[in-house]
Amino acid sequence: MRQPRPVYLNLLTIKLPLAGFVSILHRITGLILFLFIPFALWILYHSLHSETDFVFLTLNLKKPFFKILLWIGLSALGYHLLAGLRHLLADLHIGTSKQGGTNSAAIVLILAITLSTLIGYGLC
Amino acid sequence: MLIYLTNLNASGLRDWVTQRVSAVLLAIYSFILVSFLFTHHPLNYHQWHTFFMQSWMQIFTLFILFSLLFHAWIGLWIMGTDYIKPVCIRFFFQFFVIFTLLTCLIVACMIIWGF
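Here the protein sequences line up with chains U and Y, keeping their order. Under this note's numbering, the residues of the first sequence are numbered 111 to 234, in order. Under this note's numbering, the residues of the second sequence are numbered 680 to 794, in order.
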């Protein structure tokens with residue numbers, strides 16, 4: 111008689127490899143960017159509509175709430191761009207070995223963290 | 680049937696190419712915007728307005744808006760089919776995504792070409 115195979119899928123005990131982490135974060139930042147499109151349009155609208163609106167916008171963007179929003183949006187954009195670049199390089203067969211994938215994932219993470227820090231510094 | 684209704688993509692290869700071409704365009708556009716902001720640091724309205732109202736910039740921005748629409752649609756379609764199993768919820772998710780993206784496209788066109 112065939113024994114039923116054990117099903118074991120506790121996601122908390124599965125360790126995601128670095129490349130997998132970078133990949134899922136690429137999706138998450140993509141979703142964040144989609145949600146940020148209305149915010150970006152709001153900025154574009156006020157920045158182009160009139161000089162009064164432009165001043166209104168610059169004053170608003172100096173408020174902590176908008177600075178945080180801006181930081182999240184720009185950091186997500188930077189990360190998504192870097193991780194996307196890694197995908198494009200993989201399409202050109204660069205860094206497709208197991209070690210190469212881990213290395214490029216580490217490079218993307220380091221560059222993205224640096225970029226986010228710089229953006230945060232610039233916004234302060 | 681419902682699944683195929685929201686499957687506007689039809690070809691995986693076409694999605695793959697579209698995703699990458701739009702990605703490159705979006706990257707170039709981001710780079711141009713960031714360079715402009717860096718080279719015009721205390722930015723004033725007239726510089727910004729003049730920059731966006733140049734013909735090439737208006738046309739390029741329109742291309743970018745379409746790139747963004749397709750790029751976001753393909754990405755979110757993939758995520759929807761990966762993570763949302765109940766067909767009904769997925770259908771509404773995909774409808775919501777398309778509706779939102781098209782609305783944003785129309786609004787963005789009005790902003791870019793209207794002022």
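Yeah, the Cβ is synthetic: ideal placement off N, Cα and C, and Gly gets one too. All of these numbers come straight from a predicted model, not from anything done at the bench.
query = When the cut-off is 7 Å and only beta carbons count, does residue 766 of chain Y lie next to chain U?
reply = By this cut-off, residue 766 of chain Y is not an interface position.
ask   = Is there contact between the stretch 747-760 of chain Y and the stretch 775-783 of chain Y, where contact requires at least three CB pairs shorter than 8 Å?
value = Cβ pair count under 8 Å is three or more, so yes.
query = Do the stretch 175-183 of chain U and the stretch 113-120 of chain U meet, that is, are 3 or more Cβ pairs less than 8 Å apart?
reply = No: fewer than three Cβ pairs fall under 8 Å.
key: Alpha carbon of residue 772 of chain Y to alpha carbon of residue 190 of chain U, nearest angstrom   = Here the alpha carbons of residue 190 of chain U and residue 772 of chain Y stand approximately 22 Å from one another.
ask   = Given residue 221 of chain U, which residues of its chain have a CB within under 7 Å of its CB, disregarding the five upstream and five downstream residues?
value = Once the five neighbours on either side are set aside, the close Cβ partners of residue 221 of chain U are 192.
query = Using a beta-carbon distance below 7 Å, is residue 155 of chain U in contact with chain Y?
reply = Chain Y has a Cβ within less than 7 Å of the Cβ of residue 155 of chain U.
Residue 218 of chain U classed as buried or exposed, judged by whether at least 16 other C-beta atoms fall within 10 angstroms = In this structure residue 218 of chain U is buried. Its beta-carbon is surrounded by 16 or more other beta-carbon atoms within 10 angstroms.
query = Once you ignore the five residues that flank residue 187 of chain U on each side, which residues in its own chain have a CB closer than 7 Å to its CB?
reply = Within the same chain, residue 187 of chain U has close Cβ partners 143.
ask   = Which chain U residues are close to residue 755 of chain Y, counting only those with a beta carbon under 9 Å from its beta carbon?
value = Near residue 755 of chain Y (Cβ distances below 9 Å), the residues of chain U are 140, 141, 144.
inquiry  = Could you compute how far the alpha carbon of residue 161 of chain U sits from the alpha carbon of residue 769 of chain Y?
reply    = Rounded to the nearest angstrom, the two C-alpha atoms are 43 Å apart.
ask   = What residue range is occupied by the uninterrupted alpha helix (DSSP H) comprising residue 231 of chain U?
value = Start and end: 208-233.
message = Please list the terminal residues of the continuous alpha helix (DSSP H) segment that includes residue 766 of chain Y.
response = Here the alpha helix (DSSP H) through residue 766 of chain Y covers 766-793.
request  = Have a look at residue 765 of chain Y and residue 114 of chain U and give me their C-alpha separation to the nearest angstrom.
outcome  = Rounded to whole angstroms, the gap between the alpha carbons of residue 765 of chain Y and residue 114 of chain U is 27 Å.
ask   = What in chain U is Cβ-close to residue 696 of chain Y, meaning under 8 Å?
value = Proximity of chain U to residue 696 of chain Y at the Cβ level (cut-off 8 Å) is not reached, the minimal Cβ distance being about 11 Å.
query = If you follow the alpha helix (DSSP H) that residue 701 of chain Y is part of, which residue opens it and which one closes it?
reply = Residues 691-718.
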